[in-house]
Amino acid sequence: MKKYGIIVLLFLTGQAALCIPKPEFAFSGSSQIYIHPVLQEDAAVQDALQDLKTAVSQRSRQTPAIKSLLSGTTFSANAVLIDTANWTVPNQTETYLLEKQIRNGKNVLLVKAGSLRAVCYAIYYITEQFKLGEKTLIKGSKLLKTPDFKFRMITQPFEVTGFAAVASTAKPIIRERQFDPMRPFDGAGYAPMDEARNILRSGMNTLYIGSYSFASTYAGLSDSIFPPNTAGRTWVEARRTKFRELIAAAEKYHLQVCVNSDIFAYPKTVQHKDRYKALNASLNEILTDFPEIDVVIGRFGENYSYFNPYFTGKGPASETELAAVIDSIQAIVVKKYHKTFIPRTWSLGNDAWHADPALYTKITAEIKADTGTIFSVKNTQTDFWRYNKFNPTLGKGTKKQAIEYLAQDGYHFKSSIPNYEVIRMARGSKEIDKGPAGMKAAKAMGIEYTWGWLSADGWCGPYLKREEWLMANIFGYTHLMWDSKETPESLAAKWASLAFNVPIKSKAATTITGILMESEDMILKACYFNGYSATHDGWLPALNWERDDVLGGGTKSHKNLDCQFSFGPGTIKALFSKATFAQDCADKKQAWELAKKMLRDYDLIKATLPDQKQATEVRSTLVSAEYLTGVIYHYISGMFSYYNGDNAAAKKHLLEWRTTWKTYNEKVSALPGAPTPMVNGGMVETSEETLKELANQ
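Okay, here's the thing in structure tokens:
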């Protein structure tokens with residue numbers, strides 16, 4: 019990526035000199051925006067300026083003019099002047115400085131930046147502050163912004179955002195895409211320029227473009243693997259075309275480029291004994307043909323290559339092979355091509371190297387890879403469930419680390435209802451973490467790399483028609499990347515103001531902030547159990563009795579899913595405990611009460627929201643939350659009462675369950691903007707069979 023020294027000057031008139039503590043800067047529709055010719059040709063800067071221009075015009079009913087800044091140009095009052103000059107901060111090309119000054123008798127906001135990417139960050143920051151009503155743009159006389167994390171990426175956060183097809187179909191476009199473990203980038207809605215622009219706008223610096231294994235012809239291994247004019251070669255070449263399109267988008271928006279693969283993934287005609295040869299051939303081919311690639315990720319622990327028509331795969335035979343595999347990849351990626359290599363330490367269970375600090379330290383100590391190699395660790399000890407400690411392997415060993423997060427959580431209804439993960443991102447899991455946790459703690463450990471799976475987790479539905487609750491998580495996460503000390507409350511308020519176009523201190527923004535903050539308890543109480551989860555932390559803390567869009571049965575569950583790739587849910591009888599039966603049922607009721615409160619609170623401010631179509635459709639997600647938690651409350655209370663020998667209470671709750679489940683499926687799911695409903699994975703058979711038994715008594 020090219021580096022530039024940039025100075026951006028924003029001239030604004032005011033009534034006070036800089037010596038006055040609180041100068042009153044203000045943008046207006048009559049403002050003139052002048053761009054130096056060097057910047058005028060940069061499309062990413064132009065897009066950032068267009069955002070600023072649009073924000074001003076929407077709020078002042080006038081459109082600021084954008085003009086060329088030439089020698090001798092006379093600019094008007096409230097002008098925004100963007101110029102170039104040399105300014106460097108050692109090893110900090112993403113840093114920018116905003117400083118209030120007086121020049122030629124005019125109030126000035128001087129913006130210095132170390133690269134074109136940083137200039138865009140600065141303009142987007144100014145735009146956001148203006149939209150939030152911060153007329154002075156910065157507090158005090160100077161603001162130096164440097165991201166807390168050097169590597170900042172999301173795999174597919176904006177995949178369905180903004181595409182009209184989502185509003186008119188029961189399932190979003192990702193349902194129709196070619197399955198890929200990290201980024202299904204084929205099908206309707208594929209818009210690489212939009213995605214790259216959104217990534218830059220959100221303060222990130224890396225665009226993920228797909229699996230390098232699936233974009234390799236393996237000609238370096240054998241010309242017979244994917245011969246020209248065959249179906250397999252056509253499939254691979256199509257993905258290489260996508261690589262070129264996405265790389266072009268990344269270059270336009272000054273982003274790094276990242277690829278990944280499960281280890282090992284190879285063509286079906288290659289034998290497993292030749293896995294290293296295939297891996298080496300693929301890496302050499304891709305890094306030669308696509309030198310723009312900056313980062314290579316490799317996943318261990320699971321392997322989804324077999325979901326592919328032309329590829330298969332199998333991971334290392336045991337953890338003893340990991341050091342050899344990682345060193346072999348590092349020799350190519352880091353030493354030969356001078357790229358960054360990120361091995362993902364993902365593995366299953368509480369006792370593997372991802373979750374066990376002693377084993378992690380032992381294995382990483384055996385790995386020669388160091389410089390240019392960063393070990394990626396999920397923030398949770400095992401998977402993204404609650405009742406998982408802040409991963410104890412974080413901060414261990416001598417190797418650099420990245421921390422992984424997730425916003426659209428497949429274990430907690432995929433943001434189809436409120437689930438504000440930013441609280442856990444900022445502070446850790448309150449139900450189990452006793453010490454420092456969250457991104458601030460990771461930063462204090464010296465971790466400087468973070469990336470997230472923000473709309474890729476899990477399988478199948480529920481599918482969203484409104485993405486507000488997902489976008490709240492994306493907004494919070496990307497802001498914590500820059501400032502890990504920000505609070506989830508302040509981030510929720512900012513997001514509510516921006517997403518619903520209301521003042522940040524309005525009752526509407528305060529109410530939506532409250533809904534987000536209360537959602538953590540709603541999810542904890544709806545999905546987990548005192549008698550089981552608190553004593554089975556880590557792997558499967560609630561046995562996956564609900565996952566994706568499936569609700570499991572009492573002693574038997576089944577898939578009954580609407581897509582090909584998934585797993586059946588767990589069962590609830592194993593979660594029952596006489597000792598905590600009453601508390602578990604009370605928790606489910608409290609989750610339901612919280613959902614009803616959210617809806618009541620929202621109804622008090624709904625009429626004040628500017629976009630009533632948005633307001634109505636977001637309301638439908640809260641109605642869905644009320645009925646889903648009602649289904650869970652009556653189902654768990656009914657079956658737990660049955661297991662506890664209280665048949666009268668069991669019958670009462672299960673009859674309520676039947677009515678609530680019927681309304682949830684037939685009426686709630688039909689509301690405008692409502693997500694697709696959860697589906698039966700054994701719950702219906704369990705409840706109806708129990709009701710039949712009770713009716714005969």
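Residue numbering for the sequence shown follows the working numbering, beginning at 19 and increasing consecutively.
Where is the CB? At the ideal position from N, CA and C, for every residue including glycine.
In this text the structure is predicted, and so the values were computed from the model without any measurement.
Please list, in chain order, all residues of the same chain as residue 84 whose beta carbon is under 7 Å from its beta carbon, the five residues on each side excluded. 51, 53, 67 and 71
Which residues in the same chain as residue 708 place their Cβ atom closer than 8 Å to its Cβ, once the five residues preceding and following it in sequence are excluded? 572, 656, 657, 660, 668 and 672
According to DSSP, residue 85 sits in a beta bridge with which residue or residues? 52
Separation of residue 332 from residue 244, as counted between CA atoms: 20 Å
Pull up the distance between the alpha-carbon of residue 20 and that of residue 132, whole angstroms please. Note that residue 20 scores 44 on pLDDT, short of 50, meaning its location in the model is unreliable; the coordinates nonetheless yield the value given after this. For residue 20 and residue 132, the distance between alpha carbons rounds to 11 Å.
Quick one: what does DSSP say residue 313 is sitting in, helix, strand or coil? strand
Length of the line joining the Cα atoms of residue 326 and residue 288: 14 Å
Name the one or two DSSP bridge partners that residue 280 has. 317
Sort out for me which residues DSSP pairs residue 394 with in a bridge. 362 and 420
Let me check one thing: in DSSP terms, what residues is residue 471 bridge-paired to? 424
Which residues does DSSP list as the beta-bridge partners of residue 697? 568
Quickly, what does DSSP pair residue 265 with across the bridge? List them, please. Partner(s): none; residue 265 has no beta bridge.
What are the boundary residues of the beta strand (DSSP E) that includes residue 484? Counting along the chain, residue 484 falls outside any beta strand (DSSP E), and DSSP gives it neither H nor E.
Kindly give me the distance between the Cβ atoms of residue 588 and residue 575, rounded to whole angstroms, as I take these residues to be in contact under 8 Å. 7 Å
For residue 629, does the count of other Cβ atoms within 10 angstroms reach 16, so buried, or fall short, so exposed? exposed
Counting C-beta neighbours from all protein chains within 10 Å, is the total for residue 320 16 or more, i.e. buried, or is it exposed? exposed
Proximity to residue 698 [Cα-Cα], best of 349, 223, 653 and 236: 653
Anticipated Cβ contact below 8 Å, residue 531 with residue 510, distance rounded: 4 Å
For residue 456, report the span of its alpha helix (DSSP H) as first-last. Element bounds for residue 456: n/a, residue is neither H nor E.
Could you give the C-beta distance for residue 616 and residue 506, rounded to a whole number, given that I count them as a contact under 8 Å? The Cβ separation is near 16 Å, so there is no contact.
For residue 245, which beta-bridge partners are listed by DSSP? The partner list for residue 245 (beta bridge, DSSP) is empty, contrary to what the question assumes.
Here's the rule: buried if 16 or more other CB atoms are within 10 angstroms of the residue's CB, otherwise exposed. What is residue 301? buried
So is residue 389 buried or exposed if we call it buried at 16+ other beta carbons inside 10 Å? exposed
Can you give me the C-alpha to C-alpha distance between residue 33 and residue 138, rounded to a whole angstrom? At residue 33, the pLDDT of 38 sits below 50, so the modelled position is not reliable; the number obtained from the coordinates is stated separately. Going by the C-alpha atoms only, they are around 29 Å apart.
In its own chain, which residues sit with a C-beta less than 6 Å from the C-beta of residue 626, not counting the 5 before and 5 after it? 526
Measure the alpha-carbon distance for residue 236 versus residue 253 and round it to whole angstroms. 13 Å
Check residue 275 in the structure and name its three-state DSSP category. strand
Taking the alpha-carbon of residue 364 as reference, which of 342, 341 and 399 has the nearest alpha-carbon? 399
Cβ pair residue 150, residue 129 closer than 9 Å: no
Could you tell me the distance, in whole angstroms, from the CA atom of residue 164 to the CA atom of residue 458? 15 Å
Please list, in chain order, all residues of the same chain as residue 355 whose beta carbon is under 7 Å from its beta carbon, the five residues on each side excluded. 305
Mind checking which residues open and close the alpha helix (DSSP H) that includes residue 224? Where residue 224 is concerned, there is no enclosing alpha helix (DSSP H), although the beta strand (DSSP E) it sits in stretches over 224-229.
Flag this pair as touching only if the segment 268-285 and the segment 223-232 have three or more C-beta atom pairs under 8 Å; answer yes or no. yes
Suppose you measure from the CA of residue 422 to the CA of residue 393; what does that come to, to the nearest Å? 10 Å
List the endpoints of the continuous beta strand (DSSP E) containing residue 171. 169-172
Across which residues does DSSP place residue 285 in a beta bridge pair? 329
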